Amino acid sequence: QEGAKVPSKRNQNTSIVTSDLLHKKLLKSEQKNWNDISPTYKGITKRIKEKLEELHNMYTLNSGSPRMRFGENVYFEENGCIFLAKADDGEGNAEILFSVEDLGFSDAFIQQIRISPDERYMAISLKSENSEEATCIIMKLGNLSVVEKVIPSVFSFEWAANDVLYYTTQKNLKCQNVFMTTFTYQKHTKLVYAEQDARFFVDLYCTKDRRFLTINSSSKTTSEVWLVDCRHPLESPSLVQARTTGVIYHIEHRKDQLYILTTYGEPAEYKAILTDNYMHRINLDTYCMSCRHIASSGKENWQLVYALEKKTKLVDFEMFSDACIMFLKNGGHLYLNVISFVSHSVQSIKLPTWACEFELESHPEHTTSTCYFQLSSPVHPPKRFAYSFKENNLIEQAVQEVPIITNCHTTRLLAKSKDETLVPITVFHNKNSKELHRRPLLVHVYGAYGIDLNMSFKEEKLMLIEEGWILAYCHVRGGGEQGLSWHRDGCQHNKLKGLHDLRACIRLLHQRGFSQPNHTALAAASAGGVLAGALCNTDPALIRAMVLQAPFVDVLNTMLKTHLPLTIEEQEEWGNPLEDEKCMKYIKSYCPYQNIKPQRYPSVFITAYENDERIPLTGILQYVQKLRRAALDHASRTSKKGNWIPNIILDVQASGSHCDSSWEHSLNE
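Number 341 in UniProt numbering belongs to position 341 of the sequence shown; there are no gaps in the numbering.
What follows is the structure, encoded as structure tokens:
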């Protein structure tokens, strides 16, 4: 408009410099505070570290790493090395194919391994603790393995053929480009797919029979799949079904048939969708490259064949030649559903009640007669199991001598939330503990992105059980423990439901005699910091302490900054306050940073990372300063005898990235 002043770049630069100086000043202040206070914990730190190392040596080192079998060859990774052994020869004679240290990547760890179909090439991704981006190294295997190619900033990669590798590149936490590179006579690399929508993230997957490579472009709520025919890997990808808002789908393939797992239709939970006959049958003669789609694969031809039960989470899915296995979670329990393509039957197997987490092992050969996987819980080290298709039963694998946890009791509760919804809680405690109401309680929460609470084995959780602690995991809405609807009920304009759930869970635990507020601590990481921080503002009397790792505590200011790498993508989870005033007010009503006020707060310990690309460190620094001021303000206003001032401590790690660290680094934390 006429007369409007145009802001000068000089003013903008001054603002940036001032902000940068403030950040450095806050960081320096917190580092000094940490250096002053950390020696206080020197004695207990030494004792805990020794105990954790003892437990790590007893359990984790004995569990072994997953094996990949190709015919007579077995590949496995240990201590930064990749080994090749013969299946019948034992691992004592294993040959070293690759060593992280030998290639000068001593600070990196092996993230993924992909062997080419003819076993002439091996692709490996290496990641350091200080970066989200990985480096892909392609080795040519033989009598003397050599490095064929090094590709920086790679996220996912798959072999489409013996000498054709597809990979996605990662930049600023986004994966939107897919490249193809070849390794034979005419070596070349070309871009084969580029995603234009900032909300979508692209990754790769090979169908179990290696017939197709799938290019999966997904937002938080919508997906689209393109297929690369592995028999013609140099041809252009073909679209299965154009993206439809609110519809997610995944593709598998066996015996000239496509199998589609999708949320299409009501209810919007995962279901098996097929066309034509019993299975989504496609005449591959009509697989048309020129029109770039697979005939009859569009959703107008989809028919419902199998749907999950209500409040059931699909954890994983594995295809085999004559059956597929669905790994499911329902009511806090884990199940296997075996769908037979021979007898057209479905068998449901309930897994051991102590189990909380699956980890599927790699099965490169889809014709195998056995499916291997590991089960664990926060206090139970991984235990190997196998499902035999021939015997039609579950077999517990007797591997290394790992001591069995016998003194831990698992309890499952349901808390009634504000709107009468029942919220699951998983509780662990020592069977020998007396007077549980006097025992310390550590409550865990996450509640975002449809992701389940992490309940894999951790040495520190077992140590706490042995020390008499109670561990509680609150499966609140916003997470994925009870299916996709559980997530939808706790995101965007429903985010407060997760807070109501958490409050109801902690109150129920205390009512049932599990500890009391004065002995209760709350733990959360990343986006779990939203609900934990919100409860700290609304119900500080429910807990005595809060422990946060790289927490998201400044939702409003973060979602207003579109220059940050994840803001646009995250709008499907938190909403868009820039364009929706109601959304702005709603986020402001629960955002931890926005709702700090003078009151008696619990003690707070936060770990953050200088190099964290996901959670801006500035937001955490400002949160800690504001929280500390509010606590001191409250203490100065009240003159009660013995007035309690909480410890509010921030440990900023110079190394490490977002909640992703090696054993050694996590031990130090």
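Beta carbons are placed, not taken as given, at the ideal position from N, Cα and C, and that holds for glycine. Since this is a predicted model, take the numbers as computed values, not measurements.
In or out: residue i buried (at least 16 other Cβ within 10 Å) or exposed?
i: residue 255; result: exposed
i: residue 592; result: buried
i: residue 563; result: exposed
i: residue 674; result: No statement about residue 674 is possible, as the shown extent of the chain runs from 1 to 669 and does not include it.
i: residue 649; result: buried
i: residue 128; result: buried
i: residue 185; result: exposed
i: residue 21; result: exposed
i: residue 191; result: exposed
i: residue 458; result: buried
i: residue 207; result: buried
i: residue 168; result: buried
i: residue 503; result: buried
i: residue 226; result: buried
i: residue 204; result: buried
i: residue 500; result: buried
i: residue 574; result: buried
i: residue 733; result: There is no way to answer for residue 733, as the model of the chain reaches only from 1 to 669.
i: residue 537; result: buried
i: residue 50; result: exposed
i: residue 259; result: buried
i: residue 272; result: buried
i: residue 57; result: exposed
i: residue 189; result: exposed
i: residue 439; result: buried
Under three-state DSSP, which class holds residue i?
i: residue 651; result: strand
i: residue 479; result: strand
i: residue 177; result: strand
i: residue 242; result: coil
i: residue 337; result: strand
i: residue 160; result: strand
i: residue 36; result: helix
i: residue 387; result: strand
i: residue 628; result: helix
i: residue 423; result: strand
i: residue 226; result: strand
i: residue 448; result: coil
i: residue 235; result: coil
i: residue 308; result: coil
i: residue 377; result: strand
i: residue 103; result: coil
i: residue 281; result: Because the pLDDT at residue 281 is just 33, under 50, the model does not fix this residue reliably, and the point stays unresolved.
i: residue 59; result: helix
i: residue 672; result: The structure shown does not extend to residue 672, since the chain is modelled only from 1 through 669, so no value can be given for it.
i: residue 20; result: helix
i: residue 397; result: coil
i: residue 366; result: coil
i: residue 382; result: strand
i: residue 595; result: coil
i: residue 194; result: strand
i: residue 351; result: coil
i: residue 359; result: strand
i: residue 216; result: strand
My guess is that residue i and residue j are in contact by the Cβ rule of under 8 Å, so how many angstroms apart are they, rounded?
i: residue 545; j: residue 602; result: 5 Å
i: residue 590; j: residue 453; result: Rounded, the Cβ-Cβ distance is 20 Å, inconsistent with contact.
i: residue 433; j: residue 468; result: 5 Å
i: residue 587; j: residue 556; result: 5 Å
i: residue 407; j: residue 430; result: 6 Å
i: residue 199; j: residue 572; result: 7 Å
i: residue 351; j: residue 375; result: 6 Å
Tell me whether residue i, by its Cβ, gets closer than 8 Å to a heavy atom of the ligand GTP.
i: residue 27; result: As for the ligand GTP, it is missing from this structure, which has no ligand bound.
If we define contact as Cβ-Cβ less than 9 Å, is residue i a contact residue for chain C?
i: residue 376; result: In the structure shown, chain C cannot be found, because there is only a single protein chain.
Worksheet item: Any chance the region 307-326 sits against the region 408-421, with 3 or more Cβ pairs inside 8 Å?
Response: Counting Cβ pairs under 8 Å, fewer than three are found: no touch.
Item to complete: Could you say if the region 525-540 and the region 124-138 meet the contact criterion of at least three C-beta pairs nearer than 8 Å?
Response: No contact exists between the region 525-540 and the region 124-138.
Discussion item. Does the region 487-494 come into contact with the region 471-478, if we say contact requires no fewer than three beta-carbon pairs (one atom in each stretch) closer than 8 Å?
Written reply: With the rule of 3 Cβ pairs closer than 8 Å, the region 487-494 counts as touching the region 471-478.
Practice prompt. Determine contact between the region 345-357 and the region 326-334, defined as no fewer than three beta-carbon pairs at a distance below 8 Å.
Written response: In the pairwise beta carbon analysis, the region 345-357 is classified as touching the region 326-334: at least three pairs are separated by under 8 Å.
Practice prompt. Could you say if the region 112-125 and the region 156-166 meet the contact criterion of at least three C-beta pairs nearer than 8 Å?
Written response: Yes, the region 112-125 is in contact with the region 156-166.
Item to complete: Let me know the alpha helix (DSSP H) ranges lying completely inside the region 453-505, each 4 residues or longer, listed in chain order.
Response: Listed in chain order, the complete alpha helix (DSSP H) runs (minimum 4 residues) inside the region 453-505 are 459-466, 484-488.
Worksheet item: Counting pairs of beta carbons, one from the region 448-455 and one from the region 365-373, are three or more of them closer than 8 Å?
Response: The count of Cβ pairs closer than 8 Å, one atom from the region 448-455 and one from the region 365-373, stays below three, leaving the stretches out of contact.
Worksheet item: Between the region 242-252 and the region 211-225, are three or more C-beta pairs nearer than 8 Å?
Response: The region 242-252 makes contact with the region 211-225; the number of CB pairs closer than 8 Å reaches 3 or more.
Worksheet item: What alpha helix (DSSP H) runs, 4 residues minimum, are completely inside the region 533-590?
Response: Runs found: 555-559, 567-574, 581-590.
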